[in-house]
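Undergrad:
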Ligand code: SAH
Ligand code: SF4
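Below is the structure:
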């Protein structure tokens, strides 16, 4: 396994992400997953094909990779037999490595995955009667340290690459056995997904796994473009939701360049409490955040912004909080729905979940004001797959310990 340098950790309030170079593969081959058609064509041209051949082969390979989900060049039957070993010598079709797959008693599945350079992260699939939702990670850990989130206690972070992000969706399709069998059988209209909600398939994606997707903007955008490409994975943008803790400066670009549904982790209605729960609030406050939501391109009454609100006993769950939440959303004239998330406990957490009665009352107040406020049923709690419980055991070493190990390694002769 290749050792990668530790990423410098910025402060909790203004955690500018530091992109880290990806360790190249030891065998020198290039992983095609995460690349666009023109990028694949450019690689084929570099490897010696003439421009026309490179473009044609890239189109074929792209289809096999993202639309059919094949994991070997040998299976690409419309590519000349002699060409397939040529491809295999130079390129690979990567998937994140599966370290462990767990199944909850409620049908939720959780995968512990590993990058080629040895970092662990998680992905969760939540089947429902009318849909199947894949919860995708954008980073290993998170720099933002929200106090109620287990992932926020993970210190070791790197951004996942576009290949590692789209690779999660591909791995889920592998595991669920749902790659299409036919040829170019995609709908022309990008808003009409080929995959319909029938309860068994992966129909929806939420960027709500580990990490803050808007602190890994380019990679998340590039990966989601492949997911939405009707010649690629072909999932409608209306079935994809990106959740942010409130990275205000990136929200307009998210709307313009990705165009998926937006979810915002609000969690509090006043500065003091939100500063505590979501320290990023000290940088981008509630009013600024809600103004950015009101300006979010594409938000409308038919495409509402979801406000996530974790229910913490005696912290943010009073009747007054519920009324203030309604006032805030109305003041900013937001096409909003509220998603109440019962707090999922984890070892050492400083909070407790509000009582079911309190959550019902809070929900009723918001509903009575004309804003939908369903309570999210916790899923996969028995395998630590529920919101905010994701944290890989490999990351248990403290940051200080990791820094010391890295310094020792650098100091070591040879
Ligand atoms: N970083 C992004 C997306 C990942 S977190 C964000 O913060 O929005 C996905 C959702 O789970 C967020 O709304 C987050 O606040 C919530 N969450 C985190 N920890 C939780 C916990 N212990 N219980 C319930 N929800 C939690
Ligand atoms: Fe990061 Fe989201 Fe967890 Fe906050 S809630 S620490 S932003 S993953």
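Numbering (my numbering), first residue to last: 2 to 415. All C-beta atoms, glycine included, are put in the ideal place defined by N, C-alpha and C.
1) Can at least three beta-carbon pairs, one atom from the stretch 85-95 and one from the stretch 54-73, be found at a separation below 8 Å?
2) Is it the case that the CB of residue 268 approaches a heavy atom of ligand 1 more closely than 8 Å?
3) To which residues does DSSP link residue 266 through a beta bridge?
4) Output needed for residue 238: all residues of its chain with C-beta closer than 6 Å, excluding positions within five of it in sequence on either side, in chain order.
5) Are three or more beta carbon pairs between the stretch 361-380 and the stretch 316-328 nearer than 8 Å?
6) Judging by CA-CA distance, which residue of 348, 330 and 363 is the nearest neighbour of residue 355?
7) Whole alpha helix (DSSP H) runs in the stretch 54-114 with 4 or more residues, listed along the chain?
8) Do you know how far the Cα of residue 133 is from the Cα of residue 236?
9) Who are the near neighbours of residue 30 in its chain, counting only those whose CB is closer than 7 Å to its CB and skipping five residues on each side?
10) Just to check my reading of the structure: residue 170 and residue 159 have Cβ atoms closer than 8 Å, yes? What is that Cβ distance to the nearest angstrom?
11) Measuring alpha carbon to alpha carbon, tell me which residue in 226, 361 and 371 is nearest residue 335.
12) Quick one: give me the first and last residue of the alpha helix (DSSP H) that residue 338 is part of.
13) Give me the pocket residues for ligand 2, defined as CB within less than 5 Å of any heavy atom, sorted by chain position.
14) If you count every other CB in all the chains shown that lies within 10 Å of the CB of residue 244, and 16 or more means buried, which is it?
15) Can you look up residue 281 in the DSSP assignment and give me helix, strand or coil?
16) Is it buried or exposed for residue 173, if we count other Cβ within 10 angstroms and need 16 for buried?
17) Could you have a look at residue 368 and say whether DSSP puts it in helix, strand or coil?
18) Rounded to the nearest angstrom, how far is the Cβ of residue 290 from that of residue 247, given a contact under 8 Å?
19) Entirely within the stretch 238-264 and at least 3 residues each: give me those beta strand (DSSP E) ranges in chain order.
20) Look up residue 133 in the DSSP assignment and say whether it is helix, strand or coil.
21) Straight-line CA distance for residue 232 to residue 258?
22) Nearest by alpha-carbon distance to residue 389: which of 40, 299, 153 and 310 is it?
23) Would you mind working out which of 342, 313 and 353 sits nearest residue 377, comparing C-alpha positions?
24) Going along the chain, which residues of its own chain have a beta-carbon closer than 7 Å to the beta-carbon of residue 299, five neighbours each way excluded?
25) Go to residue 223, then tell me how far its alpha helix (DSSP H) extends in each direction, as first and last residue.
26) Identify the residues that DSSP records as bridge partners of residue 128: which are they?
27) Pick out whichever of 338, 216, 55 and 62 has its Cα sitting closest to the Cα of residue 251.
28) Would you kindly report the start and end of the unbroken alpha helix (DSSP H) that includes residue 41?
29) Round the Cβ separation of residue 208 and residue 221 to the nearest angstrom and send it over; I've been treating them as touching at under 8 Å.
30) Using only the alpha-carbon positions, how far apart do residue 212 and residue 301 sit?
31) Out of curiosity, what's the CA-to-CA distance linking residue 275 and residue 122?
32) Quick one, are the C-beta atoms of residue 119 and residue 32 less than 9 Å apart?
33) Considering only heavy atoms of ligand 3, does any lie closer than 8 Å to the CB of residue 42?
34) Name the two residues that bound the continuous beta strand (DSSP E) containing residue 207.
35) Return the Cβ separation of residue 307 and residue 340 in integer angstroms, given the expectation that the two are a contact with Cβ distance under 8 Å.
36) Identify the continuous alpha helix (DSSP H) that holds residue 314 and give its terminal residues.
TA: Taking the definition as stated:
1) yes
2) Numbered from its first residue, the chain shown carries residue 268 at position 267. Yes - ligand 1 has a heavy atom lying nearer than 8 Å to the Cβ of residue 268.
3) Position 265 of the chain shown, counting from 1, holds the residue named residue 266. Residue 266 pairs with 309.
4) Translated into the one-based positions of the chain shown, residue 238 becomes position 237. So the qualifying residues of the chain are 229, 260 and 261.
5) yes
6) Translated into positions along the chain shown, residue 355 becomes position 354. The shortest Cα separation from residue 355 among 348, 330 and 363 belongs to 363.
7) 84-91
8) Against the chain shown, residue 236 aligns to sequence position 235. Against the chain shown, residue 133 aligns to sequence position 132. Straight-line Cα distance between these residues: approximately 13 Å.
9) Counted from its first residue, the chain shown places residue 30 at position 29. Only 91, 92 and 93 meet the Cβ criterion.
10) Position 169 of the chain shown, counted from the first residue, corresponds to residue 170. Position 158 of the chain shown, counted from the first residue, corresponds to residue 159. The pair is not a contact, with the Cβ atoms about 20 Å apart (cut-off 8 Å).
11) Here the question's residue 335 lines up with position 334 in the chain shown. Cα-wise, what sits closest to residue 335 is 371.
12) In the chain shown, counting from the first residue as 1, residue 338 sits at position 337. Looking at the DSSP string, residue 338 is not in any alpha helix (DSSP H); the run it does join, the beta strand (DSSP E), is 337-343.
13) 143, 145, 147, 150, 152, 153, 213 and 246
14) Position 243 of the chain shown, counted from the start, is the residue given in the question as residue 244. Per the 10 Å Cβ criterion, buried.
15) The residue labelled residue 281 in the question sits at position 280 within the chain shown. In this structure, residue 281 counts as helix in the three-state DSSP scheme.
16) As a working mapping, residue 173 is identified with position 172 in the chain shown. By the 10 Å Cβ count, residue 173 comes out buried.
17) Numbered from 1 along the chain shown, position 367 holds the residue referred to as residue 368. DSSP places residue 368 in helix when its eight states are reduced to three.
18) As a position in the chain shown, residue 290 is number 289, starting the count at 1. As a position in the chain shown, residue 247 is number 246, starting the count at 1. The Cβ separation is near 5 Å, so the contact holds.
19) 241-245
20) Within the chain shown, residue 133 is the residue found at index 132, counting from 1. Of the three classes helix, strand and coil, the one that applies to residue 133 here is strand, per DSSP.
21) As a first step, residue 232 is located in the chain shown; it is residue number 231 there, counting from the start. As a first step, residue 258 is located in the chain shown; it is residue number 257 there, counting from the start. Whole-angstrom Cα-Cα distance: 18 Å.
22) To locate residue 389, count along the chain shown from 1; it is residue 388. If we check each option's Cα against that of residue 389, 153 comes out closest.
23) Position 376 of the chain shown, counted from the start, is the residue given in the question as residue 377. Of the listed residues, the one whose Cα sits closest to residue 377 is 342.
24) Walking along the chain shown from the start, residue 299 turns up at place 298. Answer for residue 299: 256 and 260, listed in chain order.
25) If you number the chain shown from 1, residue 223 lands on position 222. 218-229 is the extent of the alpha helix (DSSP H) around residue 223.
26) Position 127 of the chain shown, counting from 1, holds the residue named residue 128. Paired residues: 133.
27) Here residue 251 is taken as the residue at index 250 of the chain shown, counted from 1. The candidate whose alpha carbon is nearest that of residue 251 is 216.
28) The residue you call residue 41 lines up with position 40 of the chain shown. 38-47 is the extent of the alpha helix (DSSP H) around residue 41.
29) As a working mapping, residue 208 is identified with position 207 in the chain shown. As a working mapping, residue 221 is identified with position 220 in the chain shown. Correct: roughly 6 Å between the Cβ atoms.
30) Position 211 of the chain shown, counted from the start, is the residue given in the question as residue 212. Position 300 of the chain shown, counted from the start, is the residue given in the question as residue 301. The straight-line gap from Cα to Cα measures roughly 27 Å.
31) Here residue 275 refers to the residue found at position 274 of the chain shown. Here residue 122 refers to the residue found at position 121 of the chain shown. Rounded to whole angstroms, residue 275 to residue 122 spans 27 Å at the Cα level.
32) On the chain shown, residue 119 is found 118 positions in, with the first residue counted as 1. On the chain shown, residue 32 is found 31 positions in, with the first residue counted as 1. No, the pair does not count as a contact, with Cβ atoms beyond the cut-off.
33) In terms of ligand content, the structure shown lacks ligand 3 and carries ligand 1 and ligand 2 instead.
34) Working through the chain shown from its first residue, we reach residue 207 at position 206. Residue 207 -> beta strand (DSSP E) spans 205-208.
35) Taking the first residue of the chain shown as position 1, residue 307 is located at position 306. Taking the first residue of the chain shown as position 1, residue 340 is located at position 339. Going by Cβ atoms, the distance from residue 307 to residue 340 rounds to 5 Å, so yes, they are a contact pair.
36) Mapped onto the chain shown, residue 314 falls at position 313. No alpha helix (DSSP H) holds residue 314; DSSP gives it neither H nor E.
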